[in-house]
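Just below is one structure, and these are the notes that go with it.
Numbering (our numbering), first residue to last: 699 to 884.
This is the structure in structure tokens:
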């Protein structure tokens, strides 16, 4: 998807609104079918799954800007508010991780790597790499080429492409991210 939005959007995406409607319908069926003590079991773990999907699918976002980040955070908040009607606040706490992830975009590459160094990683290398790619506005295709080149050096063809500065900058930050994350590997 493209979350490079020219204007700020104050509504969640339509698919989020549809998911929320479906969750309400499921809750109605569960309430009619199960004892109150068993109802939360149906939705337990759903916040973790939703956040995992929203973070892992960042790889499919083509472009992102501040307005797009705000839209993603609105999506997460809309889901969280809806889930609070069927789950406890502590069960919905994992949703904060999704908001934290998309908020990384506003830090920029330097502050993000500094935070990893000072506080330790909260996300996987691949998750950080995806948000870094979006920060540097590099396409997924270019990212795949660079990941192949990370073990050696950046190809001449890549360096001569139409936006060499952002791509070279991305490669530098990717190498720095790799070095920082290596400190936390077993």
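Beta carbons are placed, not taken as given, at the ideal position from N, Cα and C, and that holds for glycine.
Could you have a look at residue 762 and say whether DSSP puts it in helix, strand or coil? strand
Assuming residue 757 is part of the alpha helix (DSSP H), what are its boundary residues? Careful: residue 757 lies outside any alpha helix (DSSP H) and carries neither H nor E.
Going by the CB atoms, is the gap between residue 729 and residue 650 shorter than 8 angstroms? Residue 650 falls outside the range modelled here, since the chain spans only 699 to 884, and no answer is possible.
With three or more beta-carbon pairs closer than 8 angstroms as the criterion, would you say the region 787-798 touches the region 740-759? yes
Can you name the start and end residues of the alpha helix (DSSP H) that residue 830 belongs to? 823-833
Distance CB(residue 761)-CB(residue 713) smaller than 8 angstroms: no
Any idea what DSSP makes of residue 881, helix, strand or coil? coil
Just reading off the alpha helix (DSSP H) that residue 657 is part of, what are its end residues? Given that the chain is displayed from residue 699 to residue 884, the structure contains no residue 657 and the question cannot be resolved.
Residues near residue 882 by beta carbon distance below 7 angstroms, same chain, minus five either side: 818 and 819
Return the chain-ordered ranges of every alpha helix (DSSP H) run that is complete within the region 708-754 and spans a minimum of 4 residues. 712-731, 734-741 and 744-754
Roughly how many whole angstroms lie between the Cα atoms of residue 772 and residue 721? 17 angstroms
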